[in-house]
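Please read the structure below before turning to the comments.
Residue numbers (the working numbering), protein chains in the order written: chain A, 71 to 354; chain B, 2 to 336.
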């Protein structure tokens, strides 16, 4: 079902609220991967508040949909969602990265309820998601597996091993999304290690490619629904995003892959996010 | 045990890997949650026997070991019990990041049966020798490490692996091993060494194909030298049987370890760790590949070359029996 106006507003509000909470979590943690969390936020919000069949009261529910955050460093954007959904206590976010906390930069599936796979070593997630998808198919269950990759991690050969295998085994229950923010730790993806022609690479591996604005819920939702309904050819959604989306002094600056925010920067970030949200709901 | 028993009649004319393949097929009949995966080595590792019997439950991912272990972890996460087979060298090195992070770190119920280990694919050249895997896999938290002595013990180890929750690494050889056990009914338990020869003059602790060699060496030592050597089949390298090692220290005061593996990090090191922590003096020798990239040749020739066969063990035992461990205060003669 496409998004109606009420759902759209709910998602916009939720994404805004969680972007603010992510900034606060970065402050509590001392530093964090704020750039890639902001680029992935709208995608994760859409999945968690529109598509994923999950039960925070029963995180191990066998028939739940799975979500694999292959770009595991976006954990500081992911944990606020898990807290908001009720998988973990919100207060835990204040201990993010602290010694002895269950929450670290890369979330641990054994320590954090709701996390389906421990990721962090890049390039692993799509293989894990494929294993889940094939297992689910074998067990004749109807649940789905969503996997969110970073674009930089597509440098890893394993991503293409997994892509080849998805094309080969054709599980029709896996939804693959790439957060194409164009930046990695050392600079632009096209300068560090060229990914383009990115769309054609996926097509060559047998995928239908849906290129969408990764900060436009309607476009994202249409692509997700297309992927869910396509049962014969694998689909990848390349979500064109902005690293640091919503925080003007962070946006599109690769140096903000990971960083800390002092109290001035925190309030500046909140101000910027509020302005960004207002623009978005006005449709600007 | 899973209740499947095998005898020498089942093992004759079957390579160790073929016995593994057969056992996995038998287990596949009983346990529908078992799935099997390989990376274009279905035939070589014999996991393909399962694939022929249960094509829907078998996944050949092509020559892509990283993907192989990642997919296995995902399958374990949804409740299946994946058995994964490729060569030991590609398991413990090519796919190690995935074995480490996707399987061991997440303590997943994945069984890794790695073949062509040690020097058993000797003629393939050093790129296919694997004399580091025990060292590597022993340092993976959550993971148990087993080196069966022969095909019959492999049958026991594979069944025990199914019955034991969590990641397990079993390393077997290419081709035929000397048959050591006549049947599976000798009380195999993960983490418990099996004493295969009695003796109190010295202890030979062996694993894998070296168990047969150690037992043969003990016979020669007994008949020729009147040395009564205890032989322990230390099939589980992790968790190593500390009690059996400590009993050997106390009762024999001389220990030789023998393994088809680098002397760094494997059975010898695991034994040395127990010895050192015990604080007890003991004359000690480690036989294995002496921290070098091995030469090319037939497995049995290489075992002879690196002195991990019967002759090598006898020679080491004769030396060790004349060597006294010291408990005096004089340290000038230690180096």
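All C-beta atoms, glycine included, are put in the ideal place defined by N, C-alpha and C.
- Between the alpha carbons of residue 83/B and residue 57/B lies a distance of about 13 Å.
- Per DSSP, reduced to three states, the secondary structure at residue 289/A is helical.
- In this chain, the beta strand (DSSP E) harbouring residue 170/B covers 169–172.
- Given a length threshold of 4 residues, each whole run of the alpha helix (DSSP H) inside the region 98–155 of chain B is given here in chain order: 134–139.
- For residue 268/A, the uninterrupted alpha helix (DSSP H) run begins and ends at 268–274, by DSSP.
- Note that the C-beta distance between residue 158/B and residue 134/B is not below 9 Å.
- The continuous alpha helix (DSSP H) containing residue 322/B extends over residues 311–322.
- Here residue 117/A is buried: its Cβ has 16 or more other Cβ atoms, across all protein chains shown, within 10 Å.
- For residue 235/B, the number of other beta carbons within 10 angstroms of its own is at least 16, and it is reported as buried.
- If you check the CB distance, residue 258/B and residue 237/B do not come in under 9 Å.
- A distance of 9 Å or more separates the beta carbons of residue 216/B and residue 177/B.
- Within the region 190–277 of chain A, the complete beta strand (DSSP E) runs of at least 3 residues fall at 215–220, 244–250.
- The Cβ atoms of residue 271/A and residue 192/A lie no closer than 9 Å to each other.
- Using a C-beta cut-off of 8 Å, the region 223–231 of chain A makes contact with the region 191–208 of chain A, since at least three inter-stretch Cβ pairs fall below that distance.
- Not flagged as an interface residue toward chain B: residue 261/A, since no C-beta distance is shorter than 9 Å.
- Around residue 346/A, the same chain offers 316 as residues with beta carbons nearer than 7 Å, after the five sequence neighbours per side are excluded.
- In chain order, 146, 166, 167 place their CB closer than 7 Å to the CB of residue 99/A, counting only its own chain and leaving out the 5 sequence neighbours on each side.
- Taking a Cβ-Cβ cut-off of 8 Å, the neighbours of residue 60/B in chain A comprise 204, 239, given in sequence order.
- The alpha carbon of residue 254/A has as its nearest neighbour, out of 321/A, 238/A, 305/A, 276/A, the alpha carbon of 321/A.
- Note that the C-beta distance between residue 311/A and residue 249/A is below 9 Å.
- Counting only runs of at least 4 residues, the region 221–270 of chain B fully encloses the following alpha helix (DSSP H) elements, listed from N- to C-terminal order: 243–253.
- With respect to chain A, the C-beta atom of residue 100/B has no partner C-beta closer than 9 Å.
- Apart from the 5 residues on each side of it in sequence, residue 72/A sits with its Cβ closer than 8 Å to the Cβ of 288, 291, 292, 295 in its chain, given in chain order.
- Under a 10 Å Cβ-count criterion, residue 242/B is classified as buried, with 16 or more other Cβ atoms of the shown protein chains found around its own Cβ.
- Taking each of 225/B, 28/B, 239/B in turn and checking the Cα distance to residue 208/B, the smallest one comes out for 239/B.
- Around the beta-carbon of residue 212/A, fewer than 16 other beta-carbon atoms lie within 10 Å, marking it exposed.
- With a threshold of 9 Å between beta carbons, residue 76/B makes contact with chain A.
- In the structure shown, residue 183/B falls within a coil segment according to DSSP collapsed to helix, strand and coil.
- Between residue 66/B and residue 91/B, the C-beta gap is smaller than 9 Å, which places the two residues in contact.
- For residue 84/A, same chain residues with a beta-carbon under 6 Å away, outside a window of 5 residues either side, are 115, 119 in chain order.
- For the region 11–40 of chain B, the set of residues with a beta-carbon nearer than 8 Å to any beta-carbon of chain A comprises 36, in chain order.
- Residue 91/B has a beta carbon lying at 9 Å or more from every beta carbon in chain A.
- Look at residue 145/A here: in three-state DSSP terms it is helix.
- Taking a 10 Å sphere around the C-beta of residue 32/B, we find fewer than 16 other C-beta atoms and assign the residue as exposed.
- Interface annotation, residue 163/B: not in contact with chain A, CB-CB separation never under 9 Å.
- Taking CB atoms only, residue 174/A has no neighbour in chain B less than 9 Å away.
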